[in-house]
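For the protein sequence lines, the chains are A and B, in the order given.
Per our numbering, the first sequence starts with residue 15, numbered consecutively.
Per our numbering, the second sequence starts with residue 15, numbered consecutively.
Note that the Cβ used here is the ideal one computed from N, Cα and C, for glycine as well.
Bear in mind that the values here come from a model prediction, so they are computed numbers and not experimental data.
Have a look at the structure below, then the notes.
There are 2 protein chains.
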Amino acid sequence: MLGISKSTVSRALAGRSDIHPETKRKILDLASQLQYEPNTLAINLKQQKTNTIGVIVPETINRFFARAIGGIQKQADMAGMNVMICQSNESYIAEKKNLHSLVSSRVDGIIVSISTETDRSDHFVSLTEKGIPLVFFDRVFEDIVASQVVTNNYEIAMEGTEHLIKQGCKRIAFVTGPEHLFNSRSRLSGYLDALRKHNVQVKDSYIVHSHYRSDKVEEYTRYLLNLPQRPDAIFAINDYAALEMIHIMKKSGLRIPQDVAVLGFNNENLCRFVEPSLSSIDHPAHDIGASAAEILINHIRHQDLKPEKRVIKSNLIIRESTEVK
Amino acid sequence: MLGISKSTVSRALAGRSDIHPETKRKILDLASQLQYEPNTLAINLKQQKTNTIGVIVPETINRFFARAIGGIQKQADMAGMNVMICQSNESYIAEKKNLHSLVSSRVDGIIVSISTETDRSDHFVSLTEKGIPLVFFDRVFEDIVASQVVTNNYEIAMEGTEHLIKQGCKRIAFVTGPEHLFNSRSRLSGYLDALRKHNVQVKDSYIVHSHYRSDKVEEYTRYLLNLPQRPDAIFAINDYAALEMIHIMKKSGLRIPQDVAVLGFNNENLCRFVEPSLSSIDHPAHDIGASAAEILINHIRHQDLKPEKRVIKSNLIIRESTEVK
DNA sequence: TTGAAAGCGCTAACAG
DNA sequence: CTGTTAGCGCTTTCAA
């Protein structure tokens, strides 16, 4: 329309300096008048990169992951990158599909927190071969050679358990994720070592492997309550589960924390507002996500970096639900 | 590597029938051996479509939107389409940016729930001109010519308010979103009409326009409690806000629901587990999202369809927090 | 049943 | 400062 070649137009739109101001103005004016939108597909195809970070999480409805994504987005925004989010819905198959989809979309790097079903890492090794940077967070593989961001699961589980022991609890139930997940195992070790350290008897029946599914809470709560030796403390898998457990126990006439102390996980806002207020583990989701993104972006920009492992500290937050005395 | 032209390879990979089975097998074998991943960018560029639905929501950390996205994803999966999620973070500027980004990415259609800041619709009209299908949900524009999915905000606000009146409440506070949002206004009208219908005095001081920000709850709660005529009921903006309000009021020595009845919004799981259990409005987020996606996909497939408006019914769920008697 | 060639919208040498 | 040209990886006529 202006009788100008497309290279010049391209230069104007890209904001280059090697162009006559007048020409540039004319192009920009017409572009905005025509409501021109550059075709990202074509740009990305040409550039062989997409400026996009792919993310695979189990479920965005889970607030931990929602907050982690917030942290990822923030870092991505700062770096001028986009984020593409996929949910595995805790399914190994879906996770694999997501991965293919992200690779096909040619994202520049991928951040993953694996599904509960995922018990092997083969689908991720090909990424490394293809040179696509990869960072795991929270739910990671123990052995794989890749960057990862985790919290001090072992230590915090130990600290939480010791706190319960100090409150005088002797029969401490522990609800955690599936055994094959590394962070579940770390937490379990922390719990077990705390018991052993303080000479508290370990009982397998007090250990519940949940699948992070909210529809199972009632079932395992009843199981715990019906044990011949009912627990006098529960270390829950997350705050929502803790809340539901407390509700069920109260209905059974149990007092919290006098009869059963309850320790949550994640330190959601609601912890402060429920009754009794809920002790919990502050799990810095936003920071974890941000760290993962930071590492990934670094690896995208400098292909030769070594995998990095970062540990973010969780904190025990004590409230009424574990104040037995 | 096979001495076969790329057209033939393309045919094999696309699963066409006009190809020799033997050739096809060889191609597919080699492809999987090489871990070949088709370049979605190139395919989309060529096809002039991306099989992708763009979504703009205020915040995915908000459970309503997280669940709505779940509904969108489900429909998209069924239709073999992808979903690209953007967050406006309740900012008008970010919303505009998201929109440009989605258009540049050449998504086939867009689903939007507008930010609290958004008080005009100019940035959306160009979409219609470009022939990009557009569906709004929950937070919609009243006047724009586009498909939309909403709930019966007016009726449900009326029903909730009438329920409180029937409990004997006379000074009913109402917390809602910003005035320029259509659904806030609808709810407010429902509330006002319910009061008038039952000859309950309308007091402006009982109406709070919040911005869906959790950090303002304490402030407006104190404001309401310090009114010369303290409210005896509160219709809250969502369940989390309701929970926090209840917490603050309990600390002030008020009994719920005897002194102040509280009605939440969204019917989160936690409503059943808190004390007193929380009455709420069941707001079918998943269905709303699914409907929006269904309409959008229809419009993508049949460009000539007229805009469709769909209303999904919310339901009043009565629990202890409003059972005054 | 297969191949050659054009083109999707853009960028980036290179030449002028 | 601007235009020409080639090419990113794919699909799709058209011809053989």
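{"query": "Measure from the C-beta of residue 257 of chain B to each C-beta in chain A and report whether the shortest distance is under 8 Å.", "result": "yes"}
{"query": "Is residue 23 of chain B helix, strand or coil when you go by DSSP?", "result": "helix"}
{"query": "Please confirm whether residue 117 of chain A has its beta-carbon closer than 8 Å to some beta-carbon of chain B.", "result": "yes"}
{"query": "From this set, B:291, B:300, B:173, which residue's C-alpha is nearest residue 270 of chain B's C-alpha?", "result": "B:291"}
{"query": "Give me the subset of the segment 295 to 324 of chain A whose CB atoms are less than 7 Å from a CB atom of chain B, sorted by chain position.", "result": "none"}
{"query": "Would you list, in sequence order, the uninterrupted alpha helix (DSSP H) runs of no fewer than 4 residues that lie entirely inside the segment 22 to 78 of chain A?", "result": "35 to 47, 54 to 61"}
{"query": "First and last residue of the beta strand (DSSP E) that includes residue 190 of chain B?", "result": "186 to 190"}
{"query": "Are residue 165 of chain B and residue 297 of chain B close, meaning C-beta to C-beta below 8 Å?", "result": "yes"}
{"query": "Count the CB pairs spanning the segment 31 to 51 of chain A and the segment 74 to 93 of chain A that are closer than 8 Å, and state whether there are at least three.", "result": "no"}
{"query": "Against chain B, which members of the segment 273 to 292 of chain A pass a CB distance test of less than 8 Å?", "result": "283, 284, 286, 287, 288, 289"}
{"query": "Sorted by chain position, which residues of the same chain lie with C-beta nearer than 7 Å to residue 184 of chain A's C-beta, five sequence neighbours on each side aside?", "result": "214, 246"}
{"query": "Round the Cβ separation of residue 163 of chain B and residue 151 of chain B to the nearest angstrom and send it over; I've been treating them as touching at under 8 Å.", "result": "4 Å"}
{"query": "Determine whether the beta carbon atoms of residue 98 of chain A and residue 69 of chain A lie at a separation below 8 Å.", "result": "yes"}
{"query": "For a minimum of 4 consecutive residues, which ranges assigned as the alpha helix (DSSP H) are wholly contained in the segment 237 to 308 of chain B?", "result": "253 to 265"}
{"query": "In the DSSP assignment, find the beta strand (DSSP E) that holds residue 163 of chain A and state where it starts and stops.", "result": "161 to 165"}
{"query": "Identify each residue in the segment 59 to 87 of chain A for which the Cβ-Cβ distance to at least one residue of chain B is less than 8 Å, and report them in chain order.", "result": "59, 64, 74, 75, 77, 80, 81, 83, 84, 87"}
{"query": "Pull out every residue of the segment 90 to 108 of chain A whose Cβ sits closer than 8 Å to any Cβ of chain B, in chain order.", "result": "96, 98, 99, 101"}
{"query": "Strictly under 8 Å for the Cβ-Cβ distance: is residue 234 of chain B near chain A by that measure?", "result": "no"}
{"query": "Which residue comes first and which comes last in the beta strand (DSSP E) that contains residue 214 of chain B?", "result": "Counting along the chain, residue 214 of chain B falls outside any beta strand (DSSP E), and DSSP gives it neither H nor E."}
{"query": "With DSSP as the reference, please indicate the residues paired to residue 125 of chain B in a beta bridge.", "result": "B:69, B:149"}
{"query": "From residue 238 of chain A to residue 221 of chain A, what does the alpha carbon distance come to, in whole angstroms?", "result": "9 Å"}
{"query": "Using a C-beta to C-beta distance shorter than 8 Å, which residues of chain A count as neighbours of residue 114 of chain B?", "result": "51"}
{"query": "Would you list, in chain order, the members of the segment 156 to 188 of chain B that have their beta-carbon closer than 7 Å to a beta-carbon of chain A?", "result": "none"}
{"query": "Using the C-alpha atoms, what's the distance from residue 53 of chain A back to residue 114 of chain B?", "result": "11 Å"}
{"query": "Is residue 28 of chain B buried or exposed, if buried means 16 or more other CB atoms sit within 10 Å of its CB?", "result": "exposed"}
{"query": "Could you tell me whether any non-hydrogen atom of the ligand MG is closer than 7 Å to the CB of residue 37 of chain B?", "result": "Among the components modelled here there is no ligand, and therefore nothing to report on the ligand MG."}
{"query": "Residues of chain A with a CB under 8 Å from the CB of residue 120 of chain B: which are they?", "result": "53, 54, 55"}
{"query": "Straight-line CA distance for residue 268 of chain A to residue 274 of chain A?", "result": "7 Å"}
{"query": "Which residues in the same chain as residue 161 of chain B place their Cβ atom closer than 6 Å to its Cβ, once the five residues preceding and following it in sequence are excluded?", "result": "149, 309, 321, 322"}
{"query": "Quick one: list the residues of chain A neighbouring residue 254 of chain B, beta-carbon separation under 8 Å, in chain order.", "result": "283, 284"}
{"query": "Measure the CB-CB distance between residue 305 of chain A and residue 336 of chain A and report whether it falls below 8 Å.", "result": "no"}
{"query": "At a CB distance below 9 Å, what residues from the segment 218 to 231 of chain B approach chain A? Give them in sequence order.", "result": "228"}
{"query": "Check the Cβ-Cβ distances between residue 212 of chain B and every residue of chain A, and say whether any is below 8 Å.", "result": "no"}
{"query": "Between residue 145 of chain B and residue 317 of chain B, how many whole angstroms is the CB-CB distance? I'm expecting something under 8 Å.", "result": "7 Å"}
{"query": "State the Cα-Cα distance for the pair residue 209 of chain B and residue 78 of chain B, rounded to the nearest angstrom.", "result": "28 Å"}
{"query": "Spatial neighbours of residue 105 of chain A within its chain, please: CB distance less than 8 Å, with the 5 preceding and 5 following residues excluded, ordered by chain position.", "result": "129, 131"}
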